[in-house]
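Have a look at the structure below, then the notes.
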Amino acid sequence: INNYNELQIINSLPNWYNIYIHILYNNIINKELQIFKNKKNIYYLKLDDCNNISDVSALGSCKKLILNYCRNITDVSALGSCKKLILKSCDKISDVSALGNCYNLILCWCENITDVSALGNCYNLTLYGLNISDVSALGSCHNLILERCNNISDVSALVSCQNLILNDCENISNVSVFG
19 INNYNELQII NSLPNWYNIY IHILYNNIIN KELQIFKNKK NIYYLKLDDC NNISDVSALG
79 SCKKLILNYC RNITDVSALG SCKKLILKSC DKISDVSALG NCYNLILCWC ENITDVSALG
139 NCYNLTLYGL NISDVSALGS CHNLILERCN NISDVSALVS CQNLILNDCE NISNVSVFG
């Protein structure tokens with residue numbers, strides 16, 4: 019979708035459709051996102067470089083939501099019911115405590131996220147390039163990927179993760195607890 023008129027098509031589709039949308043319309047504004055409010059049939063929604071939006075509360079019913087380089091979003095508390103949520107380079111997000119029930123959660127290069135203690139219930143969790151140091155609450159994640167999280171030093175609490183991948187986390191020095 020490249021403009022607001024194309025976005026209006028969503029209102030004409032029956033509710034039993036599973037809708038897949040990729041928005042490349044970087045001039046989209048908060049008011050235009052209201053078209054998604056209470057739409058239960060939005061299966062996949064991807065927003066790229068949408069720097070004019072800050073309010074994503076209307077997107078909470080999306081099943082799979084990808085927000086790439088949407089640099090003015092601050093509040094993601096309405097997105098906790100998404101089955102798969104990807105936030106990439108959303109620089110102003112700092113509080114992800116409401117996202118702990120996402121089945122698949124990927125957080126990449128969101129530089130203001132420093133506390134991930136509420137994400138221990140995520141089944142699949144990927145944290146890439148975050149400024150986090152404490153991952154002790156993530157031991158109940160089934161699949162956990164930590165990559166380029168250079169402030170982490172202690173991963174001993176993660177021994178109960180079914181699948182754990184540690185990649186390029188420069189300050190982790192002791193992994194002897196894993197055998």
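According to my numbering, the sequence shown holds residues 19 to 197 in order.
Just so you know, even glycine gets a beta-carbon here, dropped at the ideal spot from N, CA and C.
If you run the structure through DSSP and keep just helix, strand and coil, what is Leu148?
-> Reduced to three states, the DSSP call for Leu148 is coil.
Taking the runs of the beta strand (DSSP E) that are 3 residues or longer, which of them lie wholly in the stretch 146 to 182?
-> Qualifying beta strand (DSSP E) stretches, in chain order: 161 to 165.
Per DSSP, what kind of secondary structure is Ile190 in: helix, strand or coil?
-> Three-state result, Ile190: coil.
Where does Asn45 sit, in a helix, a strand or coil, going by DSSP?
-> Three-state result, Asn45: coil.
Under 8 Å between the Cβ atoms of Lys64 and Ile41?
-> Ile41 sits close to Lys64, with the two beta carbons spaced by under 8 Å.
Quick one: grab the DSSP three-state call for Ile53.
-> Helix, per DSSP.
Please say whether Leu137 and Leu164 have beta carbons closer to each other than 8 Å?
-> Not closer than 8 Å, so no.
Hey, could you find the ends of the beta strand (DSSP E) Asn122 is sitting in?
-> For Asn122, the enclosing beta strand (DSSP E) has its first and last residue at 122 to 126.
Distance, Ser99 Cα to Asn119 Cα = When rounded, the distance between both Cα atoms is 7 Å.
Straight-line CA distance for Val195 to Val173?
-> If you draw a straight line from the Cα of Val195 to the Cα of Val173, it is about 9 Å long.
Going by C-alpha distance, which of Lys110, Leu123, Ile53 is nearest Ile84?
-> For the residues Lys110, Leu123, Ile53, the minimum Cα distance to Ile84 belongs to Leu123.
In the DSSP assignment, what are the bridge partners of Glu137?
-> It is worth fixing the name first, because residue 137 is Leu in this sequence and not Glu. Secondary-structure assignment with DSSP links Leu137 through no beta bridge to anything.
How many Å lie between Ser75 and Ser115 at the Cα?
-> C-alpha separation (whole angstroms): 15 Å.
Taking the continuous beta strand (DSSP E) assigned at Ile84, which residues delimit it?
-> Note, Ile84: beta strand (DSSP E), 82 to 86.
Reducing DSSP to helix, strand and coil, say where Asn142 ends up.
-> Under the three-state reduction of DSSP output, Asn142 falls in the strand class.
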